[in-house]
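Student:
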Amino acid sequence: MFKNIALIGCGAIGSEIAKSIDLHNISNCRVSMLFDEDDKKIFKLTEELSNKPDGIFSNFNDFISSNYFKDIHFVIEAASIEAAQRYAPTLLEKGKDIMIMSMGSFSNPIFSKNIINLMRQTGRKVYLPSGAIGGADILRSVKEHIDEITLVTTKSINSIKGAPFFINSGMNINSIKERTTIFEGNAEKAIKEFPSNVNVSALISLAGVGFHKTRVKVVIDPLIKTNQHEINVKWKYGEFYIKVNNSPSPFNPKTSYLAVLSAIECLRSAMVNDIQIGS
Ligand SMILES: NC(=O)c1ccc[n+]([C@@H]2O[C@H](COP(=O)([O-])OP(=O)(O)OC[C@H]3O[C@@H](n4cnc5c(N)ncnc54)[C@H](O)[C@@H]3O)[C@@H](O)[C@H]2O)c1
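Just so you know, we're using the working numbering here: the sequence shown kicks off at 8 and counts up by one.
(1) Using a Cβ-Cβ cut-off of 7 Å (strictly less than) and excluding sequence neighbours within five positions of Q92, which residues of its own chain qualify?
(2) So is F258 in contact with chain C if we call contact Cβ pairs under 8 Å?
(3) Is DSSP giving R37 helix, strand or coil here?
(4) If you follow the alpha helix (DSSP H) that Y244 is part of, which residue opens it and which one closes it?
(5) Do S361 and N253 have their CB atoms nearer than 8 Å?
(6) Since E84 is in the beta strand (DSSP E), which residue starts that stretch and which ends it?
(7) Any idea what DSSP makes of T53, helix, strand or coil?
(8) Tell me the DSSP secondary structure of R222 in three-state form.
(9) So is the beta-carbon of A139 under 7 Å away from any non-hydrogen atom of ligand 1?
(10) Let me check understanding here. Comparing Cα to Cα, which of K261, M40 and I15 lies closest to A85?
(11) How would you label M8, buried or exposed, when you count the other beta carbons within 10 angstroms and need 16 or more for buried?
(12) Helix, strand or coil: how does DSSP classify L265 here?
(13) For T97, which three-state DSSP category applies?
(14) Please determine whether the Cβ atom of R93 lies at a distance below 7 Å from any heavy atom of ligand 1.
(15) Report all residues from its chain with a CB closer than 7 Å to the CB of N121; omit the five preceding and five following residues, and keep chain order.
(16) Are D228 and S182 close, meaning C-beta to C-beta below 8 Å?
(17) How is N165 classed by DSSP in three states: helix, strand or coil?
(18) Ligand 1 heavy atoms versus the CB of F247: any closer than 7 Å?
(19) Return the chain-ordered list of same chain residues with a C-beta closer than 6 Å to the C-beta of F247, the five sequence neighbours on each side being excluded.
(20) Taking only three categories from DSSP, how would you classify M23?
(21) Please give me, in chain order, every unbroken run of the beta strand (DSSP E) with length at least 3 that falls completely inside the region 83 to 162.
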């Protein structure tokens with residue numbers, strides 16, 4: 008029997024996940040419902056799928072009240088921090104397992120605590136894919152012994168423009184002509200300033216020492232075409248350094264294509280009973 012997947016957010020990541028499911032890359036899964044506040048995004052994705060969803064929605068209440076929703080096995084959020092914070096608690100209360108792409112949502116401690124309480128009460132699960140970086144496994148293993156952790160995220164102008172940081176600081180992004188560190192602070196502040204660009208900082212905060220103690224540097228390099236992330240960790244019994252150099256998704260320069268593949272793999276692990284690899 009097919010497992011029905013509902014998707015919230017039909018943008019770059021959501022569309023790629025839906026198309027992958029449509030191509031039967033994840034056995035016995037089908038995209039059964041789509042929800043996005045932007046009708047155009049839903050229609051475009053629906054057009055591109057060979058197996059059409061049962062229901063498409065641009066209103067959350069209609070989405071969760073629909074008869075199709077009762078048969079949903081798994082919900083994928085690939086929309087925005089605001090969407091994750093607004094919808095995830097209701098989805099758990101309605102008995103659904105969810106994968107959350109907008110991990111910055113967890114930098115709000117009230118949301119985080121609420122989600123953990125709801126998971127305990129309902130027995131449902133929340134999945135957070137590794138995203139645009141690796142290393143969550145090592146961080147989880149050593150988290151009680153970490154002395155220092157810094158993420159350095161280097162982006163092109165194209166992949167970071169539009170972030171609230173530029174309005175808040177008054178910095179003119181077009182004036183940057185050479186490699187420049189534009190932000191240094193903790194992960195909580197980084198997510199407020201760059202909500203669509205530093206999901207990696209949320210993942211490593213959750214896997215490691217939290218949003219206050221995780222340091223983040225954001226660097227703009229007008230000459231690069233990739234999104235680079237480097238994690239430097241010093242811990243009681245050693246140190247490690249992880250660097251990824253990711254090409255952007257062809258559909259959204261803010262998103263690394265690795266983040267899309269990681270979400271697909273996370274869904275596969277959640278849906279398919281298989282050997283669990285890594286901690
Ligand atoms: N976990 C990771 O590794 C990772 C990596 C990159 C991006 N992300 C995050 O995943 C999310 C999706 O990224 P994307 O590149 O696909 O973005 P995108 O802008 O291409 O698509 C987002 C879609 O969600 C819809 N949307 C936004 N807010 C909504 C709401 N409140 N209700 C309904 N629909 C809403 C938009 O209309 C849009 O179609 C973002 O929050 C992004 O920051 C996560």
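Quick reminder that beta carbons are idealized off the backbone N, C-alpha and C, glycines included. Predicted model, so just to flag it, every value in this text is computed and none were measured.
Tutor: With the given structure in hand:
(1) S112, N115 and F118
(2) The structure shown contains no chain C; it is built from a single protein chain.
(3) strand
(4) Note, Y244: premise wrong, no alpha helix (DSSP H); not H, not E.
(5) The chain is shown only over 8 to 286; residue 361 falls outside these bounds and no answer can be derived.
(6) I79 to E84 is the extent of the beta strand (DSSP E) around E84.
(7) helix
(8) strand
(9) yes
(10) I15
(11) exposed
(12) helix
(13) Look at T97 here: in three-state DSSP terms it is helix.
(14) Using a cutoff of 7 Å, the CB of R93 counts as near ligand 1, since one of the ligand's heavy atoms is closer than that.
(15) P96
(16) Cβ atoms of D228 and S182: not closer than 8 Å.
(17) Reduced to three states, the DSSP call for N165 is helix.
(18) no
(19) V240
(20) The sequence given here has Glu at residue 23, not Met. Helix at E23.
(21) Fully enclosed beta strand (DSSP E) runs of 3 or longer: 104 to 107 and 153 to 162.
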